[in-house]
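**Student:**
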Amino acid sequence: MRSAPVQKEGSLKPKLFKQRYYMAKELQFSLALVIVLALLGGIFLQAVSSALISYWKLETPFLGFFLIIGYVGIVVLLAVFFTHRLIGPFKRLEYEMKLVKAGNLSKRLSIRSQDDLHIRNFVRHINSFISRFEEMSGEYNRLNSTVITKLDMAAEELSKGTTDCPRLKEEIDQLRKEIREFREKC
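Each residue of the sequence shown is one higher than the last, beginning at 15 in the numbering used here.
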């Protein structure tokens, strides 16, 4: 942990607080697994190479080339597996986000059990954002409907000439209050 000076607004003295750095255990395990598998693959290739040379007296200049190709193959396979697990879900999420963008606010992004921990957390945060946005949209629609209805009633009273000014002023003040509360809530 590292301490860093922080100054509160309106305060002259900086205060110290501790920063904590967290790393997901699952991601650490995945990276360690990839490294261990790459090393084990390299050891296996080296053992096969040694066996070919010592038991069958197979010595060829191409053996070193084949070992390099084997090492590269192992690294590529592990990289493809790891990136598929980490990056693969984003195509599905992109499609689902396009549905939400098109106006389907009832749609939520889906999580698969094999998705990485960071992706699952990201999807949970996006889904809570969509839920909150859906709530705010509903509140906005209700407020908008109320304002339009009351403005139509006030316009009708004004056109008839039967305006009760104190009551109209009270309704306008009430509308202002509702709009202000909505703005503060958002």
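Each residue gets a CB set at the ideal place from its N, CA and C atoms; glycine is no exception.
#1: Which same chain residues end up closer than 6 Å to residue 121 when comparing Cβ atoms and leaving out the 5 residues on each side of it in sequence?
#2: In the stretch 61 to 126, which residue ranges form an unbroken alpha helix (DSSP H) of at least 4 residues, counting only runs that do not cross its ends?
#3: Please report the straight-line C-alpha distance between residue 141 and residue 124, rounded to a whole angstrom.
#4: DSSP on residue 175, reduced to helix/strand/coil?
#5: Using the C-alpha atoms, what's the distance from residue 39 back to residue 53?
#6: Is the distance from the Cβ of residue 189 to the Cβ of residue 164 below 7 Å?
#7: My understanding is that residue 63 touches residue 81, with C-beta atoms under 8 Å, so please give their C-beta distance in whole angstroms.
#8: Return the CA-CA distance between residue 148 and residue 88, expressed in angstroms with no decimal places.
#9: Pick helix, strand or coil for residue 128, following the three-state DSSP scheme.
#10: Determine, using beta carbons only, whether residue 90 comes closer than 7 Å to chain C.
#11: Cβ of residue 84 within 7 Å of Cβ of residue 47?
#12: Measure the Cβ-Cβ separation of residue 177 and residue 171 and say whether it is below 7 Å.
**Tutor:** Well, looking at it:
#1: Position 107 of the sequence shown holds residue 121. The answer, listed in chain order, is 113 and 114.
#2: With a minimum length of 4 residues, the unbroken runs of alpha helix (DSSP H) contained wholly in the stretch 61 to 126 fall at 76 to 101 and 103 to 115.
#3: Counted from its first residue, the sequence shown places residue 141 at position 127. Counted from its first residue, the sequence shown places residue 124 at position 110. Each residue's alpha carbon lies about 9 Å from the other.
#4: Your numbering for residue 175 matches position 161 in the sequence shown. Coil, per DSSP.
#5: The count along the sequence shown starts at 1 and reaches residue 53 at position 39. The count along the sequence shown starts at 1 and reaches residue 39 at position 25. Distance between the alpha carbons of residue 53 and residue 39 is about 21 Å.
#6: Counted from its first residue, the sequence shown places residue 189 at position 175. Counted from its first residue, the sequence shown places residue 164 at position 150. Yes, these two residues count as a Cβ contact at 7 Å.
#7: The sequence position of residue 63 within the sequence shown is 49, counting from 1. The sequence position of residue 81 within the sequence shown is 67, counting from 1. Confirmed, about 6 Å.
#8: In the sequence shown, counting from the first residue as 1, residue 148 sits at position 134. In the sequence shown, counting from the first residue as 1, residue 88 sits at position 74. If I take the Cα positions, the gap works out to 47 Å.
#9: Taking the sequence shown and counting its residues from 1, the one referred to as residue 128 is at position 114. In the three-state reduction of the DSSP assignment, residue 128 falls in the coil class, being assigned neither a helical nor a strand state.
#10: No chain C is present in this structure, which holds just one protein chain.
#11: Position 70 of the sequence shown, counted from the first residue, corresponds to residue 84. Position 33 of the sequence shown, counted from the first residue, corresponds to residue 47. Against a cut-off of 7 Å, the Cβ pair of residue 47 and residue 84 comes out as no contact.
#12: Within the sequence shown, residue 177 is the residue found at index 163, counting from 1. Within the sequence shown, residue 171 is the residue found at index 157, counting from 1. For residue 177 and residue 171, yes; Cβs fall inside 7 Å.
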